[in-house]
Structures are given as structure tokens and as C-alpha cells.
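First residue of the sequence shown: 50, per this note's numbering; consecutive thereafter.
Note that the Cβ used here is the ideal one computed from N, Cα and C, for glycine as well.
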Amino acid sequence: MSQALPKTVDTTQVRELRKVDPQVRLIDVRAPGEFASSHIPGSYNVPLDLLREHREELTARHGDPVVLVCASGGRAEQARGLLENAGLERLSVLRGGITGWQQQGGELNRGRGTWAMERQVRLVAGLLVLTGVVASIAYEPLKWIAGFVGAGLTFAAVSNTCAMSRVLGLLPHNRTDRTEDRALIEALTGRNAAEGRG
């Protein structure tokens, strides 16, 4: 029987896991643009929506231990729930995500990419509130745009989900080509998985 992983691991524990078992997979569930801007060397980018779509396939053909990574831990926790419900057992979440990894001295591959999803959400939410307030000067009922955004942000905090990030994740700069998605899934589930690492 394979050894279970702790629910969460920190940077030091991930390093040790990778030394002891080179089959440990780091799966980064952030948007492709976020992954392109910075990621842990050797990690795979499987955005949360792609993981939702292929969770049964990944679970059926994947026995290696997996550490899930995102910006701060929230999306990785969602991914763990999806994969656990699909039957994958050897899962852990990187405590603090990429932010925690970097704060604990973890190495990152850096490139050019989009803003982090959280930053994109703050920009869009701020612009919607600003637009609603300014436009309500001319047409008073538009003030409710700001109220709607506030209610959405409150729900996002309470439920630890974010509908706006899911919508923003559909924008072209936050997505990968579908042929790249297929190649990634094949790399993760096939024998030659090391070729898919970024």
C-alpha cells in the first residue's frame, strides 16, 4: 500500500518529498498566464478548470504522489477536493502556495505572464465599483453595480470561491491552446511524464 501524504506541506517538506521520491508531481492549478510569470521548477500547469474536466482520467491513470500548488492555497484546496472525490488518495497542498514557497526561499522559474488572478479580480472589481459610483451621478440606479460587486466579494470570501476568477480564467490570455491541454494530460498520465514538466 502506498504511503499517505499530509494534507498540507511546506517548502521544506516538498523538497524532502522530491528527494525521497522523484515521482512526486507538483501540479500548479493557477491560470496559464500566472504560471508563465512564475512557477516552481519541475511543476506542471493544470488549471483548475482543466483539472475539473479531466479529473477522472487523471485519477484512473495516476498513482504518483501529488502536491497541489496555487497562489495562496485556496484553488489548490478546491483541486484536492475534486481529486479526492474522484478517488486519488496521495494528495497534499502546498501551504501558502507560490507566495509561501517564495517566502521560505523556494526557487522559482520566472518569465513573462499575466497578472496573478487575484490581482485581475481586484482590478475588475475596482473598475466595476468605480464605474457604478461615477455613472450613478448621471443615472442613480447604477449605484447598485457597486452593491452587486460588494455582495459578490463577500460571498467569495465566505465560500472561499470566486466566480469572477472563473470568468476571467476564460479570457484568451488566461487560457492554453486545447492541443497543449491534451499533450499535458497525456504527459501526466503516461509513462514519459517527466517530459511535460515546465
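Pairing L66 with V73, the inter-Cα distance amounts to about 7 Å. Around the CB of Q152, fewer than 16 other CB atoms lie within 10 Å, so the residue is classed as exposed. Counting along the chain, L143 sits inside the beta strand (DSSP E) bounded by residues L140 to L143.
Non-local beta-carbon contacts of P81 in its own chain, meaning distances under 7 Å to residues more than five positions away in sequence, involve N94, P96, N223, R224 and T225 in chain order. By the criterion of at least three beta-carbon pairs nearer than 8 Å, the stretch 170-190 is not in contact with the stretch 139-152. Taking each of S121, A53 and Q127 in turn and checking the Cα distance to G112, the smallest one comes out for A53. According to DSSP, residue pairing for R161 in a beta bridge does not occur. Here H88 is bridged, per DSSP, to N158.
The alpha helix (DSSP H) runs of length 4 or more contained entirely in the stretch 156-210 are, from start to end of the chain, 166-184 and 192-208. Put simply, the stretch 182-200 does not touch the stretch 116-128. Fewer than three CB pairs are less than 8 Å apart.
Straight across, the Cα-Cα distance linking G122 with V116 is about 11 Å.
Around G201, the same chain offers A174, A212 and M213 as residues with beta carbons nearer than 8 Å, after the five sequence neighbours per side are excluded. Note that the C-beta distance between V183 and V198 is not below 9 Å.
If you look at V115, you'll find it in the beta strand (DSSP E) that goes V115 to V118. As the crow flies, the alpha-carbon of V207 is around 21 Å from that of V118. With fewer than 16 other Cβ atoms from the protein chains shown falling within 10 Å of its own Cβ, R168 counts as exposed.
Selection G154, L132 and R124 evaluated against E105 yields L132 as nearest (Cα-Cα).
Per DSSP, L220 is not a residue of any beta strand (DSSP E), being assigned neither H nor E. In the structure shown, D98 falls within a helical segment according to DSSP collapsed to helix, strand and coil.
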